[in-house]
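To start, the structure itself, in structure tokens.
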Amino acid sequence: MTAHENTASFRSTRASGAAAVQINTASEDRYATLRTYTLYVPNYWYGPGGTMLPDEAEGSRTARYISDMISEYKFPVRLVRRDELSELILNTRKPLYYVNYVQSLADKMISVVNGLTGEVLYANFTGKSYRPKEKDFRDLNKVVLEAK
8 MTAHENTASF RSTRASGAAA VQINTASEDR YATLRTYTLY VPNYWYGPGG
58 TMLPDEAEGS RTARYISDMI SEYKFPVRLV RRDELSELIL NTRKPLYYVN
108 YVQSLADKMI SVVNGLTGEV LYANFTGKSY RPKEKDFRDL NKVVLEAK
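Going by our numbering, the letters in the sequence shown line up with residues 8 to 155, in that order.
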């Protein structure tokens, strides 16, 4: 598949606010699969007060921020360390889905990637926004919930 063909398989929708959600139309029916697979969320994101470290205290402000955020996703979800996620991806023999977060200046991208194939199933680009938020996981939850 060429890069052009891959790009052509995405359609854009306008979510509430400034977010433009990119949905891989070739994979919409696979969103329903996310209902049963665990979604892995790396714990190296920025919380309200800084980076969440592997030894972050459970009751800390940052840990609560992350916990509240991922609780918006109502399907199986697990917070993992970066090294643990890397091992899971390298050793998987079946689909493994994880959340990826990229910040580029004032724009952020939240995506769900199949660790077995590298396919991006879902991507949400938000301009003038920093750090993953509860709304990002609510938006993802809605897409999975409404899948065929």
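Even glycine gets a Cβ: it sits at the ideal position worked out from N, Cα and C.
inquiry  = Let me make sure I understand the geometry here. Which of Phe-144, Glu-153, Lys-140, Leu-147 has the alpha-carbon closest to that of Ala-69?
reply    = Looking at the sequence shown, residue 69 is not Ala but Thr. Its Cα nearest to that of Thr-69, the residue Lys-140 stands out among Phe-144, Glu-153, Lys-140, Leu-147.
task = With distances taken Cα to Cα, identify the nearest neighbour of Thr-133 among Ile-117, Gly-125, Glu-91, Ile-77.
result = Of Ile-117, Gly-125, Glu-91, Ile-77, the residue nearest in Cα terms is Ile-117.
message = Let me check one thing: in DSSP terms, what residues is Tyr-47 bridge-paired to?
response = Paired residue(s): Arg-85, Tyr-105.
Minimum C-alpha distance to Thr-45 - residue among Phe-82, Glu-65, Ile-73 = Looking at Phe-82, Glu-65, Ile-73, the one whose alpha-carbon comes closest to that of Thr-45 is Phe-82.
inquiry  = Taking only three categories from DSSP, how would you classify Ser-93?
reply    = Helix at Ser-93.
request  = Rank Val-150, Tyr-137, Leu-123, Leu-112 by C-alpha distance to the C-alpha of Ala-130 and give the top, closest one.
outcome  = Checking every option, the nearest Cα to that of Ala-130 belongs to Val-150.
key: Which of helix, strand or coil DSSP assigns to Lys-142   = The answer is helix: DSSP assigns Lys-142 an H, G or I state.
inquiry  = Going by DSSP in three states, Tyr-72 sits in which element: helix, strand or coil?
reply    = Correct three-state label for Tyr-72: helix.
query = How close, in whole Å, do the beta carbons of Glu-79 and Arg-145 come, if the pair is a contact with beta carbons under 8 Å?
reply = With 8 Å as the limit, Glu-79 and Arg-145 qualify as a contact, their Cβ atoms being about 5 Å apart.
query = Taking the DSSP output, what are the residues bridged to Ile-77?
reply = DSSP links Ile-77 through a beta bridge to no other residue.
query = Ordered along the chain, which non-local residues of its own chain (more than five positions away) have a Cβ less than 8 Å from that of Ala-64?
reply = Correct list, in chain order: Ala-70.
Beta-carbon separation (whole angstroms), Val-119 vs Leu-147, contact threshold 8 Å = Yes, Val-119 and Leu-147 are in contact; Cβ-Cβ is about 7 Å, under 8 Å.
ask   = Start and end of the beta strand (DSSP E) containing Leu-128?
value = Start and end: 127-133.
message = Going by beta-carbon coordinates alone, are Leu-95 and Arg-37 separated by less than 8 Å?
response = Taking 8 Å as the Cβ cut-off, Leu-95 and Arg-37 do not qualify as a contacting pair.
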